[in-house]
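Chains F and E, in that order, give the protein sequences. First residue of the first sequence: 1, per the numbering used here; consecutive thereafter. First residue of the second sequence: 1, per the numbering used here; consecutive thereafter. Think of the CB as a built atom: it goes at the ideal place given N, C-alpha and C, for glycine as much as any other residue.
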Amino acid sequence: MATTTTKTETLVGKRIRRREDPRLITGTATYVDDIQLPGMNHACIVRSPHAAARIKGIDAKAALELPGVVAVFTGADTKDVGPVPCGASLPGLRVPHHYILAIDRVYFVGHPVAVVVASDRYIARDAADLIEVDYEPLPAVADPEKALAPGAPAVHPEWPDNIAFTYQQKGGDTDEAFKNAEVIVKERIVSQRLIPAAMEGRGVVADWKSGDKALTIWTSTQIPHLVRTLVALMLGVPEHHLRIIAPEVGGGFGSKLNVYAEEALMGFIAMRLAKPVKWIESRRENFTCTIHGRGHVDYLELAAKRDGTILGMKMKLIQDLGSYHQLLTPAIPTLSVLMMPGLYKFQNIHAEIVGVFTNCVPTDAYRGAGRPEATHVIERMVDILAAELKMDPAELRLLNFVDNESFPFATATGLTYDSGDYAAPLKKALDIVEYHHLREQQKEARAAGRLFGIGMSTYGEICAMGPSPATPAGGWESATVKIEPTGTVTVMTGVSPHGQGEETTFAQIAADELGVPIDDIVVQHGDTAIVQYGIGTFGSRATAVGGTALYFALQDLKKKIKLFGAMLLQSEDVTFADGVCTCNKSGKTVTLQQIAGASYRAMTLPTNTEPGMVATRFWEPPNFTFPFGAHIAVTEVDRETGDIEIKRYVAVDDCGNIINPLIVAGQIHGGVAQGLGQALFERAVYDDDGQLVSGEFMDYAVPRAHMMPWIETEHTITPSPVNPLGVKGVGEAGTIGASPAIVNSVVDALSPLGVRHIDMPMIPETIWNLIRKGAHA
Amino acid sequence: MDSENSRERICGIFNPGMKHSIHLKINGQRYSHDVEPRLLLIHYLREIAELKGPHIGCETSICGACTVLVDGQAVKSCAMFAVQADGCEVTTIEGLATNGTLHPVQEAFWNEHGAQCGYCTPGMIIAAKQLLDRNPHPNEDEIRHGLEGNLCRCTGYQHIVNAVKAAAEKMGA
């Protein structure tokens, strides 16, 4: 039964603690590895230690003799399973056939070669060591620029130039802009490969019910429905016989916005052995075999007038794709190109992407997916221009921002920015840090020989992915709302939250629309047997697209509530508010609970009405949303050690309307931590032979609590006109804003030494060497 | 029945001659099993004692997702063998609430949004509890350093710091 019938307090906009938390803080949530099925086997995958090698033979005899080992499968067994899919299409894209287990050649360290199935995970792991694979190592190439050099080893022998695609985008007249330029600044900027490193790695459990020919796969994913469609095709299982469940998912950041070989492989094993099977990724596998992010080398030129007016930009973007295309691999750099102009109004751009194969694990979407790279380069280039012109970087930005009256604003890259006031967050951030006073402080610090930096970034991003024509799998989202006979409410959403808190924010939206207490609402997601179809959670889309689908489903439901209310009140003239239907003439009321009960009992029905109280909406957004903001980092560099201290970090973000400020703050903090990680600590390092040197948490510096500064968060609010909630999205904002703000700050700190640019991560060794070089210059 | 099966699978099949008898108390309840000496404590807790609260994030003692209390000390249970816990008292996240009342650290993680995906949370809460046991009034710096053995990829730690501060206030009140 519903707890109470009505509530009057508005919940949208309120700081409400999350409804998913009780299970998380008591250790009672169910992640994939927590699933135990009777008779379940465990799988361990044998992976290539070589970045490139021919497989001359595989001997599994010793492994099969180990008690407890059930089976060993190799590429010969699985070659008829469909390839790991690439959902992105670009003209002329070269797509290597991506078998779920290697056939006769391996292309990166970690490439799956065989799988052992045993009665427990220790035995499976022991048996994996007993499998003898005879490799003939081949030359490998791990660096995208080296892969482009003549004579480089061919990652895929059929394409000796290692080029998977080239892509051009032009807007305006760049030649003219550069001809008219009074100043041109150029730089080579690297956005290094990063490892997403969700705290829960990937994991898959598969269970085959042979009598029903029904396969259920639990997988740690952000996109259960897309996994269902694509794995059904890979395995040849009819889609209606495949159920995908994303249970509690321990973080994704884009790394689980994918379809992986192991999802199909576990399905294959469960079907072949008619027993459930579990595979849990080790951290080493997570680092070597789950997608990486970023991996750009960008060559940039910015043309401007002496007064600071930016005229145009050229970019050559070399994208390290790795050895294969995962779901969206080739599409990610195209997002960078779209966001090239940032928040600025210049209309002339020319971008060229070269997508390069390397003997590394594929790159794909990692928090921000193309937009952090774009923001990093434009925000670095604007600072480089400011230094060249001896202008204040804030003034230069304010001069070039898209004007408030220009919205909706058409960019040179073909986007339409929805709404904005780009100066507002920058001005607010400058006020918070007392910018002019801070510059005075900096002068004093410099006079005292200290390396004191002030850096800012003003970012824009593309969120609410997205209109379907721009999103490979469809960019709409679905929501179903049902009110049960007792008046409780179940929301089923196609988004698949894994830490973002939509069980709370979506309940806030539904509670306000229906006027019922939040405890009467439950939000379900992540199970293809419960939710009809959905696209999933990525690209800061869940609330802006999924929340809007929910909003419209609620409007449909309210119409039906009014119809039944009118019937019960025997009046045409009724209003529905705060969970109660009121006859405007008599003042008589019926509660939502009474109306819901009547709709199911259906003793009498309003004209042209079906029984029940359910509404479903699939909502297609007419445009992306474009959140924006300004981040300022104040840093001091230790001359002796090269260590960077972040003295202040201010984030002013405009994500449109805010549903739950507590959750929004958490998204900003976490985003900043990942951007800061890129700026200061993180780098996936492959050696020349394609070995991943940073293959564990020991060698890859994910920020820890004491490495993070206090983040001061503030907002400006510019509602999006794209959706009725006025929301824009906030999941990636922090990551996008952070890295350029921090790098700009440290470059500013070192600018008295003649430093103009520093590539990430700005580890103390790099900084110390720059200081030494500067000191001797 | 299923738990009997998994016990048998974990402890019995591989090299049964090497099993060691261990007796320990987990969350106030006695457990006795024969286990392989190489069985990690985290696997014992999760698969034999069937306490799924502590998680595995790295198996190399770096991330802290598997943190539990052993005789009152926070340990990374992926870096300890089950046989080393013989005779010990273990507390996992499941044992922190008393009679259905959340521990103040749990309550504070809820109020302050200290968890997002929740995977690091059980270990983080145990580490925070030990931090407050040792230092009931930590400043921000002490909280950050006290939790440096526990990785979180979602929160940027700020709400976790707030949660520990709030728990300290409540526990000190």
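{"Check": "If you draw a straight line from the alpha carbon of Met234(F) to that of Pro83(F), how long is it in whole angstroms?", "Outcome": "6 Å"}
{"Check": "For the beta strand (DSSP E) containing Arg272(F), list its first residue and its last residue.", "Outcome": "Looking at the DSSP string, Arg272(F) is not in any beta strand (DSSP E); the run it does join, the alpha helix (DSSP H), is Ala261 to Leu273."}
{"Check": "In chain order, which beta strand (DSSP E) runs of at least 3 residues are fully inside the stretch 305-340 of chain F?", "Outcome": "310-322"}
{"Check": "Could you check if Asn150(E) is buried or exposed, using at least 16 other CB atoms within 10 Å of its CB as the buried criterion?", "Outcome": "buried"}
{"Check": "Using the C-alpha atoms, what's the distance from Gly420(F) back to Phe409(F)?", "Outcome": "9 Å"}
{"Check": "How should Met381(F) be labelled, buried or exposed, when 16 other C-beta atoms within 10 angstroms of its C-beta is the threshold for buried?", "Outcome": "buried"}
{"Check": "Taking all protein chains shown into account, decide if Asp175(F) is buried (16 or more other Cβ within 10 angstroms of its Cβ) or exposed.", "Outcome": "exposed"}
{"Check": "With a CB to CB cut of under 8 Å and the five nearest residues on each side skipped, what residues in its chain are close to Val495(F)?", "Outcome": "Glu477, Glu502, His525, Gly534, Ile535, Gly536, Thr537, Arg541, Ala542, Val545 and Gly546"}
{"Check": "Please classify Trp476(F): does DSSP put it in a helix, a strand, or coil?", "Outcome": "coil"}
{"Check": "What are the residues that DSSP puts in a beta bridge with Asn348(F)?", "Outcome": "Gly312(F)"}
{"Check": "Judging by CA-CA distance, which residue of Tyr107(F), Pro362(F) and Ile518(F) is the nearest neighbour of Thr10(F)?", "Outcome": "Ile518(F)"}
{"Check": "In terms of alpha-carbon separation, which member of Val249(F), Glu714(F) and Thr616(F) lies closest to Gly656(F)?", "Outcome": "Glu714(F)"}
{"Check": "Give me the chain E residues within the contact set of Ser282(F), using Cβ-Cβ distance strictly less than 8 Å, ordered along the chain.", "Outcome": "Glu59"}
{"Check": "Please state whether DSSP places Cys289(F) in a helix, a strand or coil.", "Outcome": "helix"}
{"Check": "At which residue ranges does the stretch 515-569 of chain F contain complete alpha helix (DSSP H) runs of 4 or more residues, listed in the order of the chain?", "Outcome": "548-569"}
{"Check": "Taking 8 Å as the cut-off, does the stretch 442-462 of chain F touch the stretch 632-647 of chain F (at least 3 CB pairs, one atom from each stretch)?", "Outcome": "yes"}
{"Check": "Here's the rule: buried if 16 or more other CB atoms are within 10 angstroms of the residue's CB, otherwise exposed. What is Pro67(F)?", "Outcome": "exposed"}
{"Check": "Which partner residues does Tyr135(F) have in the DSSP bridge list?", "Outcome": "Ile55(F)"}
{"Check": "Under the DSSP definition of a beta bridge, which residues are partnered with Phe576(F)?", "Outcome": "Cys581(F)"}
{"Check": "Do Pro761(F) and Arg683(F) have their CB atoms nearer than 7 Å?", "Outcome": "yes"}
{"Check": "Given 8 Å as the limit, is there contact between the stretch 40-49 of chain F and the stretch 137-144 of chain E, that is, 3 or more CB pairs closer than that?", "Outcome": "no"}
{"Check": "Going along the chain, which residues of its own chain have a beta-carbon closer than 8 Å to the beta-carbon of Ala76(F), five neighbours each way excluded?", "Outcome": "Ile103"}
{"Check": "Determine, using beta carbons only, whether Ile62(E) comes closer than 7 Å to chain F.", "Outcome": "yes"}
{"Check": "According to DSSP, is Ala197(F) part of a helix, a strand, or is it coil?", "Outcome": "coil"}
{"Check": "So, is the C-beta of Met199(F) closer than 7 Å to a C-beta in chain E?", "Outcome": "yes"}
{"Check": "When you check each C-beta in the stretch 248-270 of chain F against every C-beta of chain E, which residues fall closer than 9 Å?", "Outcome": "Glu248, Val249, Gly250, Gly251, Gly252 and Phe253"}
{"Check": "Among residues of its own chain, excluding the 5 on either side of Thr609(F), which ones have a beta-carbon nearer than 6 Å to its beta-carbon?", "Outcome": "Leu563"}
{"Check": "Can you give me the Cβ contacts of Val95(F) inside the same chain, cut-off strictly under 7 Å, excluding the 5 residues immediately before and after it?", "Outcome": "Cys86 and His325"}
{"Check": "For Ile111(E), return the contacting residues in chain F, with the cut-off set at a CB-CB distance below 7 Å.", "Outcome": "Reading the sequence as shown, one finds Asn at residue 111(E) and not Ile. Ordered by position in chain F, the residues that pass the 7 Å Cβ test against Asn111(E) are Arg17."}
{"Check": "Is the shortest distance between the beta-carbon of Gln29(E) and the beta-carbons of chain F less than 7 Å?", "Outcome": "no"}
{"Check": "Taking Cβ-Cβ distances shorter than 8 Å, what residues in chain F pair up with Ile160(E)?", "Outcome": "Ala705"}
{"Check": "Between Thr121(E) and chain F, is any beta-carbon pair separated by less than 7 Å?", "Outcome": "yes"}
{"Check": "For chain F, is any of its Cβ atoms less than 7 Å away from the one on Glu94(E)?", "Outcome": "yes"}
{"Check": "Any C-beta of chain F within less than 7 Å: which residues of the stretch 115-147 of chain E qualify?", "Outcome": "Ala115, Gln116, Cys117, Gly118, Tyr119, Cys120, Thr121, Pro122, Ile125, Arg144, His145 and Leu147"}
{"Check": "On a Cα-Cα basis, can you pick out the residue from Ile125(E), Gly72(E), Gly87(E) and Val68(E) that is closest to Cys78(E)?", "Outcome": "Val68(E)"}
{"Check": "Closest to Pro627(F) by CA distance: which of Glu732(F), Val672(F) and His706(F) is it?", "Outcome": "Glu732(F)"}
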